[in-house]
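Just below is one structure, and these are the notes that go with it.
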Amino acid sequence: MNTKALVILFAAAALLVAHNVESAEADAKPIVIAQSQEFSGGSARGDFGPPQGDPIQAILTSPPEVPPPVNRDHPARVIVELEVVEKDMQISEGVNYRFWTFGGTVPGSFIRIRQGDTVEFHLRNHPGSKMPHNIDLHAVTGSGGGATSSFTAPGHESVFSFKALSPGLFVYQCATMPVGMHVANGMYGLILVEPPGGLEPVDHEYYVMQGDFYTVGKYREKGNQPFDMQKAIEENATYVLFNGAEGALVGENALKAKVGDTVRLFVGNGGPNLVSSFHVIGEIFDKVYSEGGSHFQENVQTTLVPAGGSVITEFRVETPGTFILIDHSIFRAFNKGALGMLKVEGELNKEIYTGKEVDNVYLSDKAVGEGAPVMVQVTAAQQAGQATLEDQAAAGAILFNGTCSVCHQNNGMGLPGVFPPIARSDFLADKKSVIEAVINGISGPITVNDEDYNSVMPPMSHLNDDEIANILTYVYNSWGNPGGVVSIDEVAAVRESTRRPAGAAN
Ligand SMILES: [Cu+2]
37 MNTKALVILF AAAALLVAHN VESAEADAKP IVIAQSQEFS GGSARGDFGP PQGDPIQAIL
97 TSPPEVPPPV NRDHPARVIV ELEVVEKDMQ ISEGVNYRFW TFGGTVPGSF IRIRQGDTVE
157 FHLRNHPGSK MPHNIDLHAV TGSGGGATSS FTAPGHESVF SFKALSPGLF VYQCATMPVG
217 MHVANGMYGL ILVEPPGGLE PVDHEYYVMQ GDFYTVGKYR EKGNQPFDMQ KAIEENATYV
277 LFNGAEGALV GENALKAKVG DTVRLFVGNG GPNLVSSFHV IGEIFDKVYS EGGSHFQENV
337 QTTLVPAGGS VITEFRVETP GTFILIDHSI FRAFNKGALG MLKVEGELNK EIYTGKEVDN
397 VYLSDKAVGE GAPVMVQVTA AQQAGQATLE DQAAAGAILF NGTCSVCHQN NGMGLPGVFP
457 PIARSDFLAD KKSVIEAVIN GISGPITVND EDYNSVMPPM SHLNDDEIAN ILTYVYNSWG
517 NPGGVVSIDE VAAVRESTRR PAGAAN
């Protein structure tokens, strides 16, 4: 061994000894984190002493609402009471899912406290629950983030306390085995720990949280849909959603603001699996507090929200219109539900933007805030086996918009030489071929009303049998076409007889 190596060895040993002495000292006297000079992190400075004044009951809100600012200049004892409820809710129109929730909503209730607060956390598990649950708050400094002290059987309550040492926007979640399943069923939410000065005032604060969901049936397949463990393990999400349901932030449920307002979005991602590329179409984030931390980046288009992580975005809305919130992993937005809306009202400022409103050709049936009552009625009728031709055509009209109209146009006339007409088309005479065209697409030369086309219609196998039946019933009863009904059974039969090899989508 040469001398250099020896020196290094000695230095390491000396360090070890010093370290042991230090920790022995630390054990002996009370830890005064507030006086530590060694770390600049918030937790080192975040113990502002014992809670002052009477205990305060925390105000909890359901998404997309956010509790009011804490507005306090001292740490307090804050009591949080949260109840776990397992309940059936719609994950998409006509699709029922058994969610496990913190506070009855997905995501769970929003909690807002101040750095230095001591939180007395009461976790209740509703007597009607089938499962035990607990809570792991990422705002907690301590083993399991609270999970180890909050395992709660149905009909029971657990209480534990923690001091919020670090400011930031934190995810909370259930951490009961099988953890992935509890999270996949909607067991997550956000807790905001304000820094002592609070956050800058804005006109609107909203709570948006993404999650991925795994059902046995495919996207929008109606009825009760159980959780699919295998799909979850494979990270093959059926739905990717904001606030636990397709349409939770669409139409009447859209977030709202007026031109000139400042907006702050508290954005979380519960996962369990997917990372979100959070984007608002037509808006640039003035500030982004990446990962929910203390520093901001400016002028951001798309920001990553990790699974089990968060982000705070702030922006001013300068023009009126509908701004679309999406996960920019774009199939998730248009084919799995990760789409919300911020509706901004006010005067058009042509110096900034001359354009027209986002139209439904671009948004397709995702835009159907107003069409929702029709879909609700038709779904119910169809499930009862009582849908009339008119019902089917009404639902089909909504689905046709965007799905088919981008090419065949709203009036069914297509575009000369490019997209054949489906208004008074002689191709419609063979119903089976029409169904097959939608499920499997068509390519190569075809002749429609004596005109030759040689193009490609992409397969639409992602549509469900009822959706195709409704669209085609609408087509057969529009623009002077011959009429008649296309039934779910007829679509199912064609899908079955033209099934693609195992592994391919059907
Ligand atoms: Cu749970």
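The numbers in the numbering used here rise by one with no breaks, and the one at position 299 of the sequence shown is 335. Glycine included, each C-beta is placed from N, C-alpha and C at the ideal position. These figures come from a predicted structure and were not determined experimentally.
- Query: Going by the C-beta, is residue 213 closer than 7 Å to any heavy atom of ligand 1?
  - Reply: no
- What do you reckon, are the CB atoms on residue 345 and residue 142 nearer than 8 Å? no
- Task: Note down, one range per segment and in chain order, each beta strand (DSSP E) of at least 3 residues found wholly within the segment 126-191.
- Result: For the beta strand (DSSP E) assignment, the uninterrupted runs of no fewer than 3 residues enclosed by the segment 126-191 are, from N- to C-terminal side, 131-138, 147-150, 154-161.
- When we look at the beta-carbon of residue 451 and count the other beta-carbons within 10 Å, is it buried (16 or more) or exposed? Classified as exposed, residue 451 has fewer than 16 neighbouring CB atoms from the shown chains inside 10 Å of its CB.
- Query: Grouping DSSP H, G and I as helix and E and B as strand, with all else coil, what is residue 500?
  - Reply: coil
- Query: Do you know offhand how far residue 505's Cα is from residue 287's?
  - Reply: Taking the straight line joining both Cα atoms gives about 25 Å.
- Item | Extent of the continuous beta strand (DSSP E) to which residue 379 belongs | Per DSSP, residue 379 belongs to the beta strand (DSSP E) from 375-381.
- Query: Under 8 Å, do residue 139 and residue 118 count as touching if we go by C-beta distance?
  - Reply: Their beta carbons are under 8 Å apart, which means residue 139 touches residue 118 by this criterion.
- Task: Whole angstroms is fine: what's the gap from residue 65's alpha carbon to residue 154's?
- Result: Low confidence applies here, because residue 65 scores a pLDDT of 48, under 50, leaving its location unreliable and the question unanswered by this model.
- Message: Give me, in chain order, the residues of the same chain whose beta-carbon lies closer than 6 Å to that of residue 489; leave out the 5 immediate sequence neighbours on both sides.
- Response: Counting only Cβ-Cβ distances below 6 Å, and skipping sequence neighbours, we find 456, 482.
- Query: Just checking, does the segment 164-180 make contact with the segment 93-107 on the three C-beta pairs under 8 Å criterion?
  - Reply: The segment 164-180 vs the segment 93-107: no contact.
- Of all the CB atoms in chain B, is at least one closer than 8 Å to the CB of residue 446? The displayed structure is made up of one protein chain only, and chain B is not part of it.
- So what does residue 240 bridge to, in DSSP terms? 299
- Test item: CB-CB of residue 429 and residue 513 under 8 Å: yes
- Item | Rounded separation between residue 498 and residue 255 - CA only | 8 Å
- Message: Taking contact to mean 3 or more Cβ pairs, one atom from each stretch, closer than 8 Å, check whether the segment 347-365 and the segment 297-308 are in contact.
- Response: yes
- Task: My understanding is that residue 291 touches residue 224, with C-beta atoms under 8 Å, so please give their C-beta distance in whole angstroms.
- Result: Not confirmed; about 20 Å, so no contact.
- Query: In whole angstroms, what separates the C-alpha of residue 390 from that of residue 380?
  - Reply: 15 Å
- Query: Nearest-angstrom Cα distance between residue 222 and residue 260?
  - Reply: For the pair residue 222 and residue 260, the Cα-to-Cα distance works out to about 16 Å.
- When 135, 447, 530 are compared against residue 460, the one with the closest alpha-carbon: 447
- Query: In this structure, what does DSSP give as the bridge partners for residue 245?
  - Reply: 304
- Task: Would you kindly work out how many angstroms separate the C-alpha atoms of residue 376 and residue 357, rounded to a whole number?
- Result: Within the model, the alpha-carbon separation for residue 376 versus residue 357 is close to 13 Å.
- Message: Only counting the same chain, and skipping five residues up and downstream in sequence, which positions put a Cβ closer than 7 Å to that of residue 534?
- Response: Result list for residue 534: 472, 475, 476, in chain order.
- Message: Using only the alpha-carbon positions, how far apart do residue 433 and residue 503 sit?
- Response: Each residue's alpha carbon lies about 10 Å from the other.
- Task: Report yes if the C-beta of residue 223 is less than 7 Å from at least one heavy atom of ligand 1; otherwise report no.
- Result: yes
- Item | Own chain, CB closer than 7 Å to residue 204, minus 5 neighbours either side, in chain order | 229, 328, 329, 330
- Among the residues of its own chain, which have a CB less than 6 Å from the CB of residue 134, if the five just before and after it don't count? 124
- Query: Taking the Cβ atom as the reference point for each residue, do residue 200 and residue 152 lie within a distance shorter than 8 Å?
  - Reply: Yes. Within cutoff.
- Query: Applying the criterion that 16 or more other CB atoms from any shown protein chain within 10 Å of the CB defines a buried residue, is residue 519 buried or exposed?
  - Reply: exposed
- Just how far apart, CA to CA, sit residue 388 and residue 90? 51 Å
- Sequence-distant residues of its chain with Cβ nearer than 6 Å to residue 436 (five each side left out): Listed in chain order, the non-local C-beta contacts of residue 436 below 6 Å within the same chain comprise 507, 510, local neighbours out to five positions each way being set aside.
- Under 8 Å between C-beta atoms of residue 310 and residue 268: no
- Task: Tell me whether residue 515 counts as near ligand 3, meaning its Cβ is closer than 7 Å to at least one heavy atom of that ligand.
- Result: The model depicted lacks ligand 3 and carries ligand 1 instead.
- Message: Rounded to the nearest angstrom, what separates residue 413 and residue 426 at their Cα positions?
- Response: 12 Å
- May I ask you to check if the CB of residue 218 is nearer than 7 Å to at least one heavy atom of ligand 1? yes
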